[in-house]
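S.K.: To get my numbering, take the position in the sequence shown, counting from 1, and add 1. Ideal Cβ positions, reconstructed from N, Cα and C, are used throughout, including at glycine. The structure presented is a predicted model; accordingly, all values stated were derived computationally and were not measured.
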Amino acid sequence: MDPRSEVLLRQQALFTGNLLLAGLPADDLLGQLPDAHGWSWHAGDHGSLTARFAARCHFGVEPGEKTFDAAVLFLPKSRELTDYLLHALASRLAGRELYLVGEKRAGIERAAKQLQPFGKPRKLDSARHCQLWQVTVENAPVTPDLNALAQRYELPLDDGVLTVVSLPGVFSHGRLDRGTALFLEHLDKLPTGHLLDFGCGAGVLGAVLKRRYPESQVTMLDVDAFAAASSRLTLAANNLEAEVITGDGIDAAPKNLMSILTNPPFHEGVHTHYQATEHLLRQAVKHLEHKGELRLVANSFLKYPPLIEQHLGPCATLGEGQGFKIYRAKRH
Numbered sequence: 002m003d004p005r006s007e008v009l010l011r012q013q014a015l016f017t018g019n020l021l022l023a024g025l026p027a028d029d030l031l032g033q034l035p036d037a038h039g040w041s042w043h044a045g046d047h048g049s050l051t052a053r054f055a056a057r058c059h060f061g062v063e064p065g066e067k068t069f070d071a072a073v074l075f076l077p078k079s080r081e082l083t084d085y086l087l088h089a090l091a092s093r094l095a096g097r098e099l100y101l102v103g104e105k106r107a108g109i110e111r112a113a114k115q116l117q118p119f120g121k122p123r124k125l126d127s128a129r130h131c132q133l134w135q136v137t138v139e140n141a142p143v144t145p146d147l148n149a150l151a152q153r154y155e156l157p158l159d160d161g162v163l164t165v166v167s168l169p170g171v172f173s174h175g176r177l178d179r180g181t182a183l184f185l186e187h188l189d190k191l192p193t194g195h196l197l198d199f200g201c202g203a204g205v206l207g208a209v210l211k212r213r214y215p216e217s218q219v220t221m222l223d224v225d226a227f228a229a230a231s232s233r234l235t236l237a238a239n240n241l242e243a244e245v246i247t248g249d250g251i252d253a254a255p256k257n258l259m260s261i262l263t264n265p266p267f268h269e270g271v272h273t274h275y276q277a278t279e280h281l282l283r284q285a286v287k288h289l290e291h292k293g294e295l296r297l298v299a300n301s302f303l304k305y306p307p308l309i310e311q312h313l314g315p316c317a318t319l320g321e322g323q324g325f326k327i328y329r330a331k332r333h
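1) Using a Cβ-Cβ distance cut-off of 8 Å, determine whether A317 contacts chain D.
2) Since L196 is in the beta strand (DSSP E), which residue starts that stretch and which ends it?
3) Over the uninterrupted beta strand (DSSP E) stretch that includes I261, give me the two end residues.
4) In its own chain, which residues sit with a C-beta less than 6 Å from the C-beta of Q218, not counting the 5 before and 5 after it?
5) So within the region 197 to 231, which uninterrupted beta strand (DSSP E) runs reach at least 3 residues, ignoring any that extend past its ends?
6) Looking only at C-alpha atoms, which of Q284, E321, G293 and L313 sits nearest to A299?
7) With a cut-off of 8 Å on the beta carbons, I'd call L20 and V73 a contact; round off their distance for me.
8) How should K211 be labelled, buried or exposed, when 16 other C-beta atoms within 10 angstroms of its C-beta is the threshold for buried?
9) How many Å lie between R329 and P266 at the Cα?
10) Cα separation between V224 and A141?
11) Could you give the residue range of the beta strand (DSSP E) that holds G48?
12) Sort out for me which residues DSSP pairs A349 with in a bridge.
13) Do F199 and I261 count as a contact pair if the criterion is CB distance below 8 Å?
14) Buried or exposed: which applies to D159, given that a residue is buried once 16 or more other Cβ atoms fall within 10 Å of its Cβ?
15) Between the Cα of K331 and the Cα atoms of S301, V286 and L303, which residue gives the shortest distance?
16) Using the Cβ count rule (16 or more neighbours within 10 Å means buried), how would you classify G161?
17) Rounding to the nearest angstrom, what Cα-Cα distance links P315 and Q276 in this structure?
18) Buried or exposed: which applies to S231, given that a residue is buried once 16 or more other Cβ atoms fall within 10 Å of its Cβ?
19) Taking DSSP as the reference, what is the three-state secondary structure of T273?
20) When you compare only the Cα positions, how much space is there between L22 and I251?
21) Between which two residues does the alpha helix (DSSP H) carrying I327 extend?
22) Within this structure, are the beta carbons of E279 and L313 separated by less than 8 Å?
23) Does DSSP put A128 in a helix, a strand or coil?
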């Protein structure tokens with residue numbers, strides 16, 4: 002059981018009735034709170050919860066149509082995303098209770114101040130290195146317009162300016178990260194065919210690919226609903242069309258790909274995770290056609306080449322700079 006869920010269950014008497022659990026972990030909390038339902042924007046967590054608790058979890062960037070009498074937000078990493086989520090929940094809880102739970106090292110005490118616009122927050126519990134806060138929503142906000150919170154920036158490229166649109170919580174929100182900037186310099190001579198932008202984020206890579214290789218089919222995949230929504234906004238802003246899907250890692254990707262291109266994150270929340278990338282490197286061969294290739298940008302200190310060579314083939318370094326390297330391997 003996630004320690005944040007354990008803190009909730011210490012106060013279980015508060016959480017009876019029609020409760021929404023927003024950003025909940027994929028544990029047994031729904032089993033312990035039989036009248037509650039979930040809202041997830043992480044495809045992996047949502048899949049796990051739906052498999053165990055059918056029809057009790059909603060996936061997307063908005064709370065959904067189902068009514069709720071109280072809500073708990075599990076603190077996400079991004080302050081901007083936290084603000085959007087709190088406003089989205091508080092807008093439907095006038096006169097009722099909104100709770101915030103999170104780990105101390107994730108900044109729960111600082112985040113609790115984001116409850117102040119709605120009423121007077123109070124700390125209910127501190128245990129398991131977590132805190133639980135509560136506010137009665139006295140000042141219900143209007144329903145936030147998520148698209149109005151998007152940040153846009155212009156990316157000058159050799160073939161023209163690309164408009165990038167990113168939503169709160171999406172990787173490198175409102176700016177181009179150094180790894181992707183380097184990657185954009187090494188997208189030439191890709192094999193013709195179906196291309197995958199794995200971990201698409203705000204859609205920079207996928208949009209550039211579609212513009213540079215208009216005859217190729219481009220699919221963009223991310224585990225996060227806000228990233229997928231951002232990618233769709235970026236495509237629309239540039240009058241481009243590509244398939245955007247959500248799923249938990251490479252297993253959700255199409256087969257028969259000619260290229261997999263990725264700038265994989267290795268942070269998830271406040272924890273460091275390499276599993277999704279390592280799983281990608283092990284499974285890429287199953288998704289690539291003969292002579293299809295993988296291109297990956299990664300921090301130079303990450304020892305990916307041995308894993309790439311073990312599961313795919315000889316690994317070449319196409320470029321490096323500012324602490325990043327571009328790797329390429331082809332399926333033989």
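M.R.: Let me spell this out:
1) Here chain D cannot be found, since the structure has a single protein chain.
2) L196 to F199
3) L258 to T263
4) H195
5) 219 to 223
6) E321
7) 7 Å
8) buried
9) 18 Å
10) Rounded to whole angstroms, V224 to A141 spans 31 Å at the Cα level.
11) Taken as a continuous stretch (DSSP letters only), G48 belongs to no beta strand (DSSP E), being part of the alpha helix (DSSP H) at A44 to R53.
12) Lying outside 2 to 333, the shown extent of the chain, residue 349 is not represented and no answer is given.
13) yes
14) exposed
15) V286
16) Exposed, because fewer than 16 other Cβ atoms sit within 10 Å of the Cβ of G161.
17) 22 Å
18) Counting other Cβ atoms within 10 Å of its Cβ, S231 reaches 16 or more and is therefore classed as buried.
19) Note that T273 scores a pLDDT of 46, beneath 50, so its modelled location is shaky and nothing firm can be said.
20) 27 Å
21) From DSSP, I327 is part of no alpha helix (DSSP H) but of the beta strand (DSSP E) over F325 to K331.
22) No, these two residues do not count as a Cβ contact at 8 Å.
23) strand
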